[in-house]
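Protein chains in written order, with our numbering: chain G, 31 to 315; chain F, 109 to 224. Yeah, the Cβ is synthetic: ideal placement off N, Cα and C, and Gly gets one too.
Below is the structure:
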């Protein structure tokens, strides 16, 4: 682990990496992808603290790599959703204008914030996500009797559009600041505020995610916050793991996993909070 | 009058899968070539500017392949926005076409700033 020390823009001081280290990154990506898929949460929530705490990657590099992975996984998932006709494409086009603007804004703001502040904000996000995961599943996706069916995704109306646009802008900022997909904001926003059926909201959020992550990733790309040799095996691993996780999810008790993982998220949040206050309680070296 | 969106759904699904597979193939090829160059130590890579990227691509340089793979990942959603803009503008759904064009403008400005 001593080699994975942040120095300047790169992740390791030496000019070379061994094949063992490359495989380790790939395997970690596979684990992150599988876990994200099993628990139904975005990979960015796991990957960013993982790269930062375990590999000592600078926070912005971890976010940049997370955004690239989100583009790949969201594009793959969106292709399935569009084939099944569950994406409200027109609604997505309207809202993604706000998420893209928010994403670029968030990316620019992230470049001006210190690692401590970014760690602190990410810790808050993890606490919020852990709380969401601990809630009973029936509290979350309430289907209403008069909701349109999945096959009517194309004819979804745009109720409460100003609120939807405002919320999407906030989702974009959170994606740009913290390297997440923003589904944690967009799905409840579309479902609860705009009256979009839960499945269509999930599919449309994923459909928009790739474009938002691209707008944001390019800001990180321009700053040189992306390390190709860390990003490539990570992305390959995540896609493989996400596929495997989706298959495993049918066989494993995901409710128990979610509760267990919520506790892990709280622990990671604590580590990030300590780090943001200058206490390094987690040392691998 | 909205056109049937079934064709659009299939077109988008194929486009997204095709671009992602293309980029993953490039990333895999780049990493394999990097390992083949020297199985013990792989040279660290940096983000290449477009001119260097394309000149290195002629020699199938591992770093250029990985860079192109990452660039293709970023370009996948942009290709999706272009497809939708064309679809809506030719289908006379001007409002959605215009919104897609604005998103495309934002993304392309971002892209040029990143590659400059």
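The C-beta of residue 53 (chain G) has fewer than 16 other C-beta atoms within 10 Å across all chains shown, which makes the residue exposed. Between residue 289 (chain G) and the set G:192, G:259 and G:162, the nearest pair of CA atoms involves G:162. If you check each beta-carbon in the segment 62-86 of chain G against every beta-carbon of chain F, none falls closer than 7 Å. In the structure shown, residue 151 (chain F) falls within a strand segment according to DSSP collapsed to helix, strand and coil.
Residue 134 (chain F) sits buried, since 16 or more C-beta atoms from the chains shown fall within 10 Å of its C-beta. Against chain G, the beta carbon of residue 139 (chain F) has neighbours under 8 Å at 52, 262, 263 and 266, listed in chain order. Rounded to the nearest whole angstrom, the CA to CA distance from residue 68 (chain G) to residue 173 (chain F) is 31 Å. For residue 240 (chain G), at least one C-beta of chain F is nearer than 8 Å to its own C-beta. If you draw a 10 Å sphere on the C-beta of residue 171 (chain F), you find 16 or more other C-beta atoms in it, and that means buried. Taking 3 residues as the shortest admissible run, the segment 224-266 of chain G contains no complete beta strand (DSSP E) segment at all. Within the same chain, no Cβ atom closer than 7 Å to the Cβ of residue 163 (chain F) is found once the five residues on either side in sequence are excluded.
Around the beta carbon of residue 50 (chain G), fewer than 16 other beta carbons sit within 10 angstroms, so the residue counts as exposed. Distance from the CA atom of residue 221 (chain F) to the CA atom of residue 252 (chain G), rounded to whole angstroms, is 7 Å.
Judged by DSSP secondary structure, residue 138 (chain G) falls outside any beta strand (DSSP E) and instead within the alpha helix (DSSP H) spanning 119-142.
Boundaries of the beta strand (DSSP E) harbouring residue 48 (chain G): 46-48, taken from the DSSP string. For residue 189 (chain F), the closest Cβ of chain G is nearer than 8 Å.
Where residue 202 (chain F) is concerned, the enclosing alpha helix (DSSP H) starts and stops at 202-223. Residue 116 (chain G) sits in coil when the DSSP states are folded into three classes, being neither helix nor strand. Around the beta carbon of residue 116 (chain G), 16 or more other beta carbons lie within 10 angstroms, which makes this residue buried. Residue-level contact by beta carbon holds for residue 208 (chain F) and chain G, with a gap shorter than 8 Å. According to the DSSP assignment, residue 216 (chain G) belongs to the alpha helix (DSSP H) that extends over 213-218. Interface flag for residue 109 (chain G) against chain F is set, since a Cβ pair is found closer than 8 Å. Residue 194 (chain F) and residue 93 (chain G) have their C-alpha atoms spaced approximately 32 Å apart. The beta-carbon of residue 218 (chain F) is placed less than 8 Å from the nearest beta-carbon of chain G. In the three-state reduction of the DSSP assignment, residue 190 (chain G) falls in the coil class. Contact between the segment 224-236 of chain G and the segment 147-157 of chain G is absent: fewer than three C-beta pairs spanning the two stretches fall below 8 Å. When Cβ-Cβ separations below 8 Å define contact, residue 199 (chain F) makes no contact with chain G.
Close CB contacts of residue 139 (chain G) within its chain, under the 8 Å cut and outside five residues either way in sequence, are with 203, 206 and 207 (chain order). In this structure, residue 105 (chain G) and residue 185 (chain F) form a Cβ contact; the two beta carbons are roughly 7 Å apart against a cut-off of 8 Å. Just so you know, the alpha carbons of residue 217 (chain G) and residue 228 (chain G) end up roughly 7 Å apart. Under the three-pair Cβ rule at 8 Å, the segment 184-194 of chain G counts as touching the segment 110-124 of chain G.
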